[in-house]
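Below you'll find the structure, written out as structure tokens, and then a few comments.
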Amino acid sequence: MLYAVAAWTVAPGFYDGFGPPQAYNFTCPPPQAGANNKPTSGHLDIKVIGGVSDANSAFTEDGQLVIGFLPGAFVVDGKTTIAVDITPLETCPQPSGIRFVTNIYQVTASAPLNPDKPANLVLRYSNLEPDPSKVYQASDPNGAWAPLTSQPGQPYTIETRTTTFGYFGAGYPSSSPPTGSIQVGGGQILPIVVAALIVVVVLAGLPLAVMRRRR
Numbered sequence: 607m608l609y610a611v612a613a614w615t616v617a618p619g620f621y622d623g624f625g626p627p628q629a630y631n632f633t634c635p636p637p638q639a640g641a642n643n644k645p646t647s648g649h650l651d652i653k654v655i656g657g658v659s660d661a662n663s664a665f666t667e668d669g670q671l672v673i674g675f676l677p678g679a680f681v682v683d684g685k686t687t688i689a690v691d692i693t694p695l696e697t698c699p700q701p702s703g704i705r706f707v708t709n710i711y712q713v714t715a716s717a718p719l720n721p722d723k724p725a726n727l728v729l730r731y732s733n734l735e736p737d738p739s740k741v742y743q744a745s746d747p748n749g750a751w752a753p754l755t756s757q758p759g760q761p762y763t764i765e766t767r768t769t770t771f772g773y774f775g776a777g778y779p780s781s782s783p784p785t786g787s788i789q790v791g792g793g794q795i796l797p798i799v800v801a802a803l804i805v806v807v808v809l810a811g812l813p814l815a816v817m818r819r820r821r
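Quick note on numbering: the sequence shown equals residues 607 to 821 in the numbering used here.
Next up, the structure:
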């Protein structure tokens with residue numbers, strides 16, 4: 607229960623129910639994104655009470671990354687507060703074999719995580735890109751990226767757990783785009799299907815219109 611409270615204490619508007627997805631703030635927006643706002647950072651000071659860090663969640667101001675912590679998630683070593691910072695990377699690395707569909711974020715803290723109490727990390731992604739299959743982590747954005755055990759969360763989110771900080775981004779192996787994706791070339795296929803159905807309906811009605819004119 608405490609874990610759920612920590613993981614779901616997020617910025618208003620992070621989960622928008624069944625309404626249209628919130629516009630994604632890209633570091634490097636795709637052409638179809640149109641107007642774009644830059645992604646934001648986040649900061650949190652976690653209290654240490656009786657030698658145990660409090661349960662809490664850090665998130666970016668735009669809600670595109672949320673990381674939740676259990677009570678005692680940090681190795682405090684006498685600290686009275688733990689500072690957590692989330693910073694979007696200003697570049698968009700595309701390492702070999704990986705296609706990132708989210709921004710890359712650096713998550714740092716003034717104390718290491720307790721390996722027995724991993725943090726829950728949630729990344730939001732755009733409906734303009736294919737769904738990611740994995741969250742990836744690296745200690746250096748230009749180095750090796752490791753896939754983390756990941757699962758879909760609320761609509762347009764993917765989540766994972768981590769026992770270390772570093773750089774995080776969501777994507778999929780570039781050699782095999784996600785199966786069941788509703789995207790075509792970075793855009794959505796749904797508008798194409800709707801347009802095709804409209805054309806079919808119009809064509810089907812043409813003979814009837816011609817007959818009425820003849821009468």
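Where a beta carbon is used, it is the ideal one built from N, C-alpha and C, also for glycine.
Which of helix, strand or coil does DSSP assign to residue i?
i              : result
glutamine 743  : strand
glutamine 700  : coil
alanine 725    : strand
proline 738    : coil
isoleucine 798 : Reliability fails at isoleucine 798, whose pLDDT of 43 lies under 50, so the model's placement of it is uncertain and no value is given.
Straight-line CA distance for residue i to residue j?
i                 : j              : result
proline 718       : asparagine 642 : 35 Å
serine 739        : glycine 777    : 6 Å
asparagine 748    : proline 694    : 15 Å
proline 736       : serine 702     : 18 Å
proline 677       : serine 781     : 40 Å
glutamine 757     : aspartate 668  : 22 Å
valine 690        : leucine 650    : 5 Å
glycine 640       : glutamate 696  : 19 Å
arginine 873      : lysine 723     : Outside the shown range of the chain (607 to 821) lies residue 873, about which nothing can therefore be said.
phenylalanine 774 : glycine 684    : 28 Å
glutamate 765     : leucine 727    : 6 Å
valine 707        : isoleucine 652 : 30 Å
glutamine 638     : alanine 752    : 29 Å
alanine 715       : valine 682     : 11 Å
proline 635       : alanine 664    : 25 Å
leucine 734       : alanine 725    : 28 Å
threonine 633     : threonine 666  : 14 Å
glutamine 874     : glutamine 760  : The chain is shown only over 607 to 821; residue 874 falls outside these bounds and no answer can be derived.
tyrosine 630      : proline 779    : 22 Å
aspartate 660     : asparagine 709 : 28 Å
alanine 750       : glycine 656    : 38 Å
isoleucine 688    : valine 672     : 16 Å
State the beta-bridge partners of residue i as determined by DSSP.
i             : result
serine 756    : Thr766
proline 779   : Ile704
threonine 714 : Asp691
glycine 772   : Val713
leucine 719   : Phe680
Short check: CB of residue i to CB of residue j, under 8 Å?
i                 : j              : result
phenylalanine 680 : asparagine 662 : no
glutamine 670     : proline 699    : no
valine 713        : leucine 729    : no
threonine 686     : valine 654     : yes
tyrosine 762      : proline 627    : yes
glycine 772       : serine 745     : yes
threonine 769     : proline 721    : yes
serine 647        : isoleucine 704 : no
- Minimum length 3: unbroken beta strand (DSSP E) runs contained in the segment 641-696: 648-655, 662-665, 671-675, 687-694
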